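K.L.:
Below you'll find the structure I mean.
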Amino acid sequence: MSATGIGAAVRRKEDLRFITGKGQYTDDVVRPGETRAAFVRSPHAHAKIRRIDVAAAKSMPGVVAVLTGTELANDKIGNLICGWMIHSKDGTPMKMAPHPALATGKVNHEGDAVAVVIAETLAQASDAAEKVKVDYEPLPAITDPAKAKSGAQIHEVAPKNTIYEWSLGDAKAVDTAFGASKHVTKLDIVNNRLVPNAIEPRAALAEYDAGTEQLTLWNTTQNPHVSRLVIAAFVGMAPEHKLRVIAPDVGGGFGSKIFIYPEEVVCLWAARKIGRPVKWTADRSESFVTDAHGRDHVTHAELALDASGKILAMRVKTIANLGAYMSTFSSSVPTYLYATLLSGQYDIPHIYCEVDAVYTNTVPVDAYRGAGRPEATFVVERLVEVAARQMDIDPAELRKRNFIKTFPHQTPVIMAYDAGDYGASLKKALDLADVKGFGKRRREAARHGKLRGLGFSTYIEACGIAPSQAVGSLGCGVGLWESAEVRVNPTGSVEVLTGSHAHGQGHETTFAQLVSERLGIPFENISIVHGDTDKVQFGMGTYGSRSGAVGMSAVAKALDKIEVKAKKVAAHMLEAAEGDIEFKDGKFTVAGTDKSAAWGDVTLNAYVAHKFAGQELEPGLKETSFYDPTNFTFPAGCHICEVEVDRDTGKTEIVNWTAVDDFGTVVNPMIVEGQVHGGIAQGIGQALLEGAVYDKDGQLLTGSLMDYCMPHAHDLPSFTVGLTETKSPSNPLGIKGCGEAGAIAAPAAVINAITDAIGTEEIGMPATAQAVWSALKRAQPRQAA
Amino acid sequence: MPAVSMTVNGKAVTGDVEARTLLVQFLRENLRLTGTHVGCDTSQCGACVVHIDGIAAKSCTTLALQCEGAKITTIEGLAEANGPLHPMQEAFREHHGLQCGFCTPGMIMAALDIVRRRGNDLDEHTIREQLDGNICRCTGYHNIVKAIAAGAKAMAKDGARQAAE
């Protein structure tokens, strides 16, 4: 392993600009003549718009324009769309309601935009926005997904507020298996609604060049090309070749910046209309009521086992809240990213899952770190843990008995797991967490009046998203390959253009490590370029832990081609047969001789083209790859959470956290560990602290960082992180992906630990001190000392 | 519009601002010092932390006019142009104390204030408690805590070296 190659903990290239304040985020970009936009948003969750009076606002100082949905419709700006078609059990397509960027006729959630004010300064725009008078007729609102079907109908296209009623698996086989079982564990689960809260708020800056009819959008997006495609082809803003989308530095995404939102559409439209650049940056209050939320499932789940604890079947019924409109990929999250993972790490012969997706008068719900897989893991790992307790089998032992041990393994819910060693990660985690010593620690805690509990989560996820044909057959509107272009300059330095997008993941470092390893050139001679549709031809962006497995594999494939071409050039230079050229450590050698050419000589020769006929071998050294993976990847592992609960206050302290993950090939262990830490923090946040709460009228009660509890440094422990490794056979680098694992594994581990401590399964998320205290009052602690 | 004068990163600056202009707006928009960020509107996230007369403050809840005559230091003022990084900046890089980088300037400025108040020998518990005013969504804080402990120690060494010189 070289100091900057695969597997090295190389310090990050991108850090210099961030630690010196030189990062360039969307809000940092300023264009000449720039104006500022302020949106007028509905204070009601559900209301008819009787009238919008913009006269007073228009006469305010500095106002350039006040625009409403009526003008948007007159200009034939199309609706936002959901790009993944799901069909109901009866074969009918999902009920996608119109989603205009500015509401007309009716608003459907608090924060729904009804008008925009464009002014010289932000203060002027905000002042004028307050002068826009909207006459609303409030309608009854529905926020609880479990009651959505009986609530007031929100969209004409969706009777009973039902988007689809979908199922996966063989119901009859599951019924039969349940009938033959000796033990059934049943759980009712609410997977709490979360607000992503990337610390950089969303922003958009749009500019129109009337001379070239070119629109440019600077945007906080995880996938600039998909954004351009949707805004061009579906919203109809401009032809694709007349729209450039730039995602500069992006301050965290966690899924919430995948989607195409109304604000960027409005900024583009307004910039062309007024002939000046238009910038909008969300304040945090806006983020809370406009960024797509995550999770929000209500589930009943059952697990059937035989007398020895062998799992026979699983039955799951979930109601998924998709909010007021269908966000870009929302339909896929509670279906193909959820039910397909219900087998967990276990050999379960039969699984049946029904999912009803519903509209409510809440902010749209879409992918948030893990997207469906945390929800699935929570169902599986709670069921298994509770079953073990009910059957008086050690939870680790019950898991071991049911682990999948041979690969490939076809689950009853589509996925074909290709590689893994679940026993190895469990064993390593048991050792690292000193589970053998837990009994002693529990007794010691009891002497101090504390209840100590241990919780496992042996999770699996499907990442490296995804083989295009496979997702196409499941309804996805796009292919999920990734592109890379490797440009070798005459002096031998290299630029890699990737369709992946980094917003914290460190691609400028890890992608360069791959190039450094393969070409044997210095790390500092490599630049990674991403996030600009004028530079990178096309790409699918970053989400679903796909950039390593898919994005870097595309780079590897392009590097293969570079090597082939460079060898041809070297063969001419060294007057040898192409087949005799060997390439190693940045040097081309004629096999069995001491004749060689350095990397820089070959790259220069590729461009000057003096040593070969340019008609026979094209000059230049630039190669492209569009890499489509052969399967999903299946990262998996074991997280063990150890908690102490204060009997008197209900406060939970996480005293130890052990994570052992199998991510396949690890490119940079420092970065991978950082991803694990961040994921665990978000998972712990969900389990202990976070939860979006709506009142019955559809007002978001947790609408600011004062009310919505984000994890702080003092809420979290340090983490013990370990790795096991089975390579993914589904991509050339063996990478599985690491971005979401922590968020997927953590919630079940926390709740399993708390329920172990307090002796009741009756606790929901977030398990706040009050919730735990109340549960304790109802329960008889298992360990009543 | 009233005028305001202050010293920012060692340079005297003046500007005409509205009475309601926040310090962070003055820094970002008037002076184009965009290293100081805005992550919330309720003074929780700490992405906007700068030093006012040597003490950490949230520039999103400070009026520009309140800083008349004050000495302001922002993330851009920690290291001299083309000079070495401040030990705390270096520690964040060395210990992977940042991912997306958005909270980082505020984290570093807050970290320096922890050192000012609590000294160079910081334990994990102290750092975690003292970071209450700063939120990071990426790192889970694990590496930020390590970076601050190491940065604080390096500052002590740096101070001793500078004193010896």
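First to last, the sequence lines map onto chains A and H.
Counting from 1, position 238 in the first sequence corresponds to residue 383 in the numbering used here; the numbering is continuous, with no gaps.
Counting from 1, position 35 in the second sequence corresponds to residue 41 in the numbering used here; the numbering is continuous, with no gaps.
Note that beta-carbon positions come from the ideal geometry of N, C-alpha and C, so glycine has one too.
Just so it is clear, the structure is predicted and the values come from calculations on it, not from any experiment.
(1) Hey, how far is the Cα of residue 911 of chain A from the Cα of residue 867 of chain A?
(2) Looking at the secondary structure, which residues open and close the alpha helix (DSSP H) in which residue 717 of chain A lies?
(3) Short of 8 Å Cβ to Cβ, which residues in the stretch 650-673 of chain A face chain H?
(4) With a CB to CB cut of under 7 Å and the five nearest residues on each side skipped, what residues in its chain are close to residue 393 of chain A?
(5) Taking buried to mean at least 16 other C-beta atoms within 10 Å of its own C-beta, is residue 648 of chain A buried or exposed?
(6) Using a Cβ distance threshold of 8 Å, determine whether the stretch 695-713 of chain A contacts the stretch 727-742 of chain A, with at least three qualifying pairs required.
(7) Going by DSSP, what residues sit across from residue 238 of chain A in a beta bridge?
(8) With a cut-off of 8 Å on the beta carbons, I'd call residue 807 of chain A and residue 565 of chain A a contact; round off their distance for me.
(9) So residue 645 of chain A packs on residue 776 of chain A, CB below 8 Å; how close in whole Å?
(10) Can you list, in chain order, the residues of its chain with a C-beta nearer than 8 Å to that of residue 700 of chain A? Leave out the 5 residues immediately preceding and following it.
(11) Tell me which residues share the same chain as residue 920 of chain A and place their Cβ nearer than 7 Å to its Cβ, disregarding the 5 neighbours each side in the sequence.
(12) Is the distance from the Cβ of residue 258 of chain A to the Cβ of residue 264 of chain A below 8 Å?
(13) Using Cβ-Cβ distances below 9 Å, what residues of the stretch 11-32 of chain H are close to chain A?
(14) For residue 45 of chain H versus residue 109 of chain H, is the C-beta spacing smaller than 8 Å?
(15) Using CA atoms only, rank isn't needed, just tell me which of A:187, A:749, A:533, A:690 is closest to residue 809 of chain A.
(16) Quick one: give me the first and last residue of the beta strand (DSSP E) that residue 627 of chain A is part of.
(17) Please report whether the beta-carbon of residue 688 of chain A lies at a distance below 8 Å from any beta-carbon of chain H.
(18) Along the chain, which unbroken stretches of the alpha helix (DSSP H) at least 4 residues long are found entirely within the stretch 770-836 of chain A?
(19) Can you tell me whether residue 846 of chain A is buried or exposed, with buried defined as 16 or more other CB within 10 angstroms of its CB?
(20) Taking the alpha-carbon of residue 150 of chain A as reference, which of A:853, A:665, A:638, A:816 has the nearest alpha-carbon?
(21) Can you pull the chain A neighbours of residue 82 of chain H, defined as C-beta to C-beta under 9 Å?
(22) Can you name the residues of chain A whose CB is closer than 7 Å to the CB of residue 157 of chain H?
(23) Between which residues of its own chain and residue 930 of chain A is the CB-CB distance below 6 Å, once the five residues before and five after are set aside?
(24) Please decide whether residue 205 of chain A counts as near chain H, where near means a Cβ-Cβ distance under 8 Å.
(25) Just the chain A side, please: which residues come within less than 8 Å of residue 151 of chain H by C-beta, in chain order?
(26) Given 7 Å as the limit, tell me if residue 322 of chain A has its C-beta closer than that to any heavy atom belonging to the ligand COA.
(27) Compute the Euclidean distance between the alpha carbons of residue 193 of chain A and residue 434 of chain A, then round it to the nearest angstrom.
(28) Within its chain, find whatever has a CB closer than 8 Å to the CB of residue 570 of chain A; leave out the 5 residues flanking it on each side and keep chain order.
(29) Does residue 436 of chain A pass the burial test, meaning 16 or more other C-beta atoms within 10 Å, or should it be called exposed?
(30) Ordered along the chain, which non-local residues of its own chain (more than five positions away) have a Cβ less than 8 Å from that of residue 607 of chain A?
(31) Suppose you measure from the CA of residue 928 of chain A to the CA of residue 540 of chain A; what does that come to, to the nearest Å?
(32) Between the alpha carbons of residue 285 of chain A and residue 191 of chain A, how many angstroms are there, rounded?
(33) Could you pull the start and end residues of the beta strand (DSSP E) that residue 652 of chain A belongs to?
(34) Hey, does residue 1015 of chain A have any beta-carbon neighbour from chain H nearer than 8 Å?
(35) Closer than 9 Å between beta carbons: that is the criterion. Which residues of the stretch 327-359 of chain A meet it against chain H?
P.N.:
The structure says:
(1) Position 766 of the first sequence, counted from the first residue, corresponds to residue 911 of chain A. Position 722 of the first sequence, counted from the first residue, corresponds to residue 867 of chain A. Answer to the nearest angstrom: the Cα atoms are 27 Å apart.
(2) Sequence index remark: in the first sequence, residue 717 of chain A carries index 572 (1-based). For residue 717 of chain A, the enclosing alpha helix (DSSP H) has its first and last residue at 698-719.
(3) 650, 651
(4) Within the first sequence, the letter at position 248 stands for residue 393 of chain A. Excluding residues within five positions, the ones whose Cβ falls inside 7 Å are 169, 170, 171, 174, 363, 676.
(5) In the first sequence, counting from the first residue as 1, residue 648 of chain A sits at position 503. Buried, since its Cβ has 16 or more Cβ neighbours within 10 Å.
(6) yes
(7) As a first step, residue 238 of chain A must be located in the first sequence, where it is residue number 93. According to DSSP, which records beta bridges pairwise, residue 238 of chain A is partnered with A:232.
(8) The residue given as residue 807 of chain A occupies position 662 in the first sequence. The residue given as residue 565 of chain A occupies position 420 in the first sequence. The pair is a contact, with the Cβ atoms about 6 Å apart (cut-off 8 Å).
(9) Translated into positions along the first sequence, residue 645 of chain A becomes position 500. Translated into positions along the first sequence, residue 776 of chain A becomes position 631. Cβ atoms of residue 645 of chain A and residue 776 of chain A stay farther apart than 8 Å, at about 19 Å.
(10) The residue given as residue 700 of chain A occupies position 555 in the first sequence. Here the set comprises 629, 631, 641, 643, 656, 659, 660, 770.
(11) As a working mapping, residue 920 of chain A is identified with position 775 in the first sequence. Same-chain partners within the cutoff: 903, 905, 907, 908.
(12) Translated into the one-based positions of the first sequence, residue 258 of chain A becomes position 113. Translated into the one-based positions of the first sequence, residue 264 of chain A becomes position 119. Against a cut-off of 8 Å, the Cβ pair of residue 264 of chain A and residue 258 of chain A comes out as no contact.
(13) 24, 26, 27, 31
(14) Here residue 45 of chain H is taken as the residue at index 39 of the second sequence, counted from 1. Here residue 109 of chain H is taken as the residue at index 103 of the second sequence, counted from 1. A contact, by the Cβ cut-off of 8 Å.
(15) Position 664 of the first sequence, counted from the first residue, corresponds to residue 809 of chain A. Residue 809 of chain A has its Cα closest to that of A:690, out of A:187, A:749, A:533, A:690.
(16) Position 482 of the first sequence, counted from the start, is the residue given in the question as residue 627 of chain A. Run containing residue 627 of chain A: 627-633, per the beta strand (DSSP E) assignment.
(17) The residue you call residue 688 of chain A lines up with position 543 of the first sequence. With 8 Å as the cut-off, residue 688 of chain A does not count as an interface residue toward chain H.
(18) 814-829
(19) Counting from one through the first sequence, the residue named residue 846 of chain A turns up at place 701. Label assigned to residue 846 of chain A: exposed.
(20) If you number the first sequence from 1, residue 150 of chain A lands on position 5. Looking at the Cα atoms, A:665 is the closest of the given residues.
(21) Position 76 of the second sequence, counting from 1, holds the residue named residue 82 of chain H. Going along chain A in sequence order, the residues near residue 82 of chain H (Cβ under 9 Å) are 165, 166, 167.
(22) Counting from 1 along the second sequence, the entry for residue 157 of chain H is found at position 151. Ordered by position in chain A, no residue passes the 7 Å Cβ test against residue 157 of chain H, which lies about 11 Å from the chain.
(23) As a first step, residue 930 of chain A is located in the first sequence; it is residue number 785 there, counting from the start. Confidence at residue 930 of chain A is low in this model, with a pLDDT of 40, below 50, so the placement of that residue is unreliable and no value is reported for it.
(24) Against the first sequence, residue 205 of chain A aligns to sequence position 60. No, residue 205 of chain A does not count as interfacial toward chain H.
(25) Within the second sequence, residue 151 of chain H is the residue found at index 145, counting from 1. By Cβ distance, chain A contributes 858, 863.
(26) Here there are no bound small molecules, and the ligand COA is not part of this structure.
(27) The residue labelled residue 193 of chain A in the question sits at position 48 within the first sequence. The residue labelled residue 434 of chain A in the question sits at position 289 within the first sequence. Taking the straight line from one Cα to the other gives about 19 Å.
(28) Position 425 of the first sequence, counted from the start, is the residue given in the question as residue 570 of chain A. Result list for residue 570 of chain A: 603, 781, 782, 783, 805, 806, 807, 869, in chain order.
(29) Numbered from 1 along the first sequence, position 291 holds the residue referred to as residue 436 of chain A. By the 10 Å Cβ count, residue 436 of chain A comes out buried.
(30) Locating residue 607 of chain A in the first sequence gives position 462, where the first residue counts as 1. The answer, listed in chain order, is 482, 485, 486, 518, 560, 777, 778, 779.
(31) If you number the first sequence from 1, residue 928 of chain A lands on position 783. If you number the first sequence from 1, residue 540 of chain A lands on position 395. Low confidence applies to residue 928 of chain A: its pLDDT is 49, below 50, so where it sits in the model is not reliable enough to give any reading.
(32) As a first step, residue 285 of chain A must be located in the first sequence, where it is residue number 140. As a first step, residue 191 of chain A must be located in the first sequence, where it is residue number 46. Spanning the two alpha carbons is a distance of roughly 7 Å.
(33) Here residue 652 of chain A refers to the residue found at position 507 of the first sequence. It is not in any beta strand (DSSP E) - residue 652 of chain A instead sits in the alpha helix (DSSP H) that spans 652-664.
(34) One cannot answer for residue 1015 of chain A here, as it falls past the ends of chain A, which runs 146 to 930.
(35) 341, 342, 343, 344, 345, 346
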